[in-house]
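Asker:
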Amino acid sequence: MPSEPNSVTPPESQYDARVIDAETGSPLTVQQLAGRLADTDIVVVGEYHGHHASHLLQARLQQALFRRNPRQALTMEQFNVNHQDVLDRFLAGGLGETEMIEDAEAWDNYRASYRPLVEFARQRRLPVIAANAPADVVRCVGRKGPGYLETLTPETRALLPERPFLDTPAYKEKFIEAIGGSHGTGDGKLSERMRNTYQAQLLRDNTMARAILDARANHPGHQILHTTGTFHSEERLGTVAVLEQRAPGLSIAVITPVFWPDEEANVPLEANRSKGDYLYFIQPLPEEFRDPERESEAMQARFANRKPADCE
Numbered sequence: 043m044p045s046e047p048n049s050v051t052p053p054e055s056q057y058d059a060r061v062i063d064a065e066t067g068s069p070l071t072v073q074q075l076a077g078r079l080a081d082t083d084i085v086v087v088g089e090y091h092g093h094h095a096s097h098l099l100q101a102r103l104q105q106a107l108f109r110r111n112p113r114q115a116l117t118m119e120q121f122n123v124n125h126q127d128v129l130d131r132f133l134a135g136g137l138g139e140t141e142m143i144e145d146a147e148a149w150d151n152y153r154a155s156y157r158p159l160v161e162f163a164r165q166r167r168l169p170v171i172a173a174n175a176p177a178d179v180v181r182c183v184g185r186k187g188p189g190y191l192e193t194l195t196p197e198t199r200a201l202l203p204e205r206p207f208l209d210t211p212a213y214k215e216k217f218i219e220a221i222g223g224s225h226g227t228g229d230g231k232l233s234e235r236m237r238n239t240y241q242a243q244l245l246r247d248n249t250m251a252r253a254i255l256d257a258r259a260n261h262p263g264h265q266i267l268h269t270t271g272t273f274h275s276e277e278r279l280g281t282v283a284v285l286e287q288r289a290p291g292l293s294i295a296v297i298t299p300v301f302w303p304d305e306e307a308n309v310p311l312e313a314n315r316s317k318g319d320y321l322y323f324i325q326p327l328p329e330e331f332r333d334p335e336r337e338s339e340a341m342q343a344r345f346a347n348r349k350p351a352d353c354e
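Here it is as structure tokens:
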């Protein structure tokens, strides 16, 4: 019989994750979760970028799945498809880590968050696949709209899926809700600027879906472990919805992080049950700012320091 959800205790630190079956509320160890997923084609682990519990769970699950099926491929939102050659050179021993980080434009938290995943794969000669769309292309689609793809060189366009903007109505609704309607037209529709931003989001999702399916084709019999920000996968939307449209015969499991509110004594299951096949509850992150002015200044600085994209 399934365990009572109330038997799940809150995470005790920023490293802890409480994994449960979303349907039954039963708590699971990482090893038990891996057992449930042993025959699943694609395992998608959503994350809150930079949260220690997310990254620790990903690393532990990667190892537990490998013990059950050593034919494993790691696909990652955290590397862009135009840097696959750099990643391959690093995996083959032709580059040092700092060289790879610089040449592949790895995320700032690579060493703290993603090194364990990549090193586990590298040491066992497992494929690691850069899955995200090129950053400059995403930025330019966000600025100029989907027509920007028509200006790309054939080599760059070949890195992207043939149909790069597949989506679902539910995902668009979620996107509108996430931006708070402040960039809409007042009738539930997006302004032109935010419509372009949404297309850029879809380009990421569709490129990741294609990278995952290419990994399946290039490495037959391999289980795919995909790491991504939770917005791209929760509620089986985003990348997952695109995968289901493109390859409906594949089995896909979605594992979703959920913050356990500080004031809650019992696991907040009901409000989050639909977010994934399995949920892992983690402590909320500390609030970044309490001073609105400092928050605004920090956001402006972040945008000012972004690498400009040449969209001409």
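All you need for this note's numbering is the position in the sequence shown, starting with 1, plus 42. Ideal Cβ positions, reconstructed from N, Cα and C, are used throughout, including at glycine.
Quick check on residue 299: buried or exposed, where buried means 16 or more other Cβ atoms within 10 Å of its Cβ?
Answerer: buried
Asker: Put residue 224 into one of helix, strand or coil per three-state DSSP.
Answerer: Reliability fails at residue 224, whose pLDDT of 47 lies under 50, so the model's placement of it is uncertain and no value is given.
Asker: Within the stretch 226-283, note down every full beta strand (DSSP E) run reaching 3 residues or more, in order along the chain.
Answerer: 265-271
Asker: Which two residues bound the contiguous alpha helix (DSSP H) that contains residue 131?
Answerer: 126-133
Asker: To the nearest angstrom, how far is it from the Cα of residue 238 to the Cα of residue 74?
Answerer: Taking C-alpha positions only, residue 238 is separated from residue 74 by approximately 42 Å.
Asker: At the level of alpha carbons, what is the spacing between residue 134 and residue 114?
Answerer: 17 Å
Asker: Could you round the C-beta distance between residue 83 and residue 297 to whole angstroms and report it? I think they count as a contact, below 8 Å.
Answerer: Actually they do not touch by this definition, with Cβ atoms about 14 Å apart.
Asker: The beta strand (DSSP E) that contains residue 144, what's its start and end?
Answerer: Counting along the chain, residue 144 falls outside any beta strand (DSSP E), though it belongs to the alpha helix (DSSP H) covering 139-145.
Asker: Can you give me the C-alpha to C-alpha distance between residue 137 and residue 92, rounded to a whole angstrom?
Answerer: 25 Å
Asker: Pairs of beta-carbons, one from the stretch 165-185 and one from the stretch 241-260, closer than 8 Å: are there three or more?
Answerer: Output reads yes: the stretch 241-260 touches the stretch 165-185.
Asker: According to DSSP, residue 114 sits in a beta bridge with which residue or residues?
Answerer: Residue 114 is bridged to 265.
Asker: What does a CB cutoff of less than 8 Å around residue 53 pick up in its chain, not counting 5 residues either side in sequence?
Answerer: 59, 60, 95, 302, 323, 324, 325
Asker: Consult DSSP for residue 55 and reduce its assignment to one of helix, strand or coil.
Answerer: coil
Asker: For residue 247, does the count of other Cβ atoms within 10 angstroms reach 16, so buried, or fall short, so exposed?
Answerer: buried
Asker: Could you check where the alpha helix (DSSP H) with residue 178 kicks off and where it finishes?
Answerer: Taken as a continuous stretch (DSSP letters only), the alpha helix (DSSP H) holding residue 178 covers 177-186.
Asker: Determine whether the Cβ of residue 173 lies closer than 9 Å to any Cβ atom of chain D.
Answerer: Here there is only one protein chain, and chain D is not present.
Asker: Under the three-state reduction of DSSP, which class applies to residue 289: helix, strand or coil?
Answerer: coil
Asker: Could you name the residues that DSSP lists as bridge partners for residue 322?
Answerer: According to DSSP, residue 322 bridges with 61, 299.
Asker: Buried or exposed for residue 193, going by 16 or more other Cβ atoms inside 10 Å?
Answerer: exposed
Asker: Could you say which of 68, 101, 278, 189 lies nearest to residue 370 if we only look at CA atoms?
Answerer: Because residue 370 is not part of the residues shown, which for the chain are 43 to 354, the question remains open.
Asker: Please classify residue 64: is it buried, with 16 or more other beta-carbons within 10 angstroms of its beta-carbon, or exposed?
Answerer: Around the beta carbon of residue 64, 16 or more other beta carbons sit within 10 angstroms, so the residue counts as buried.
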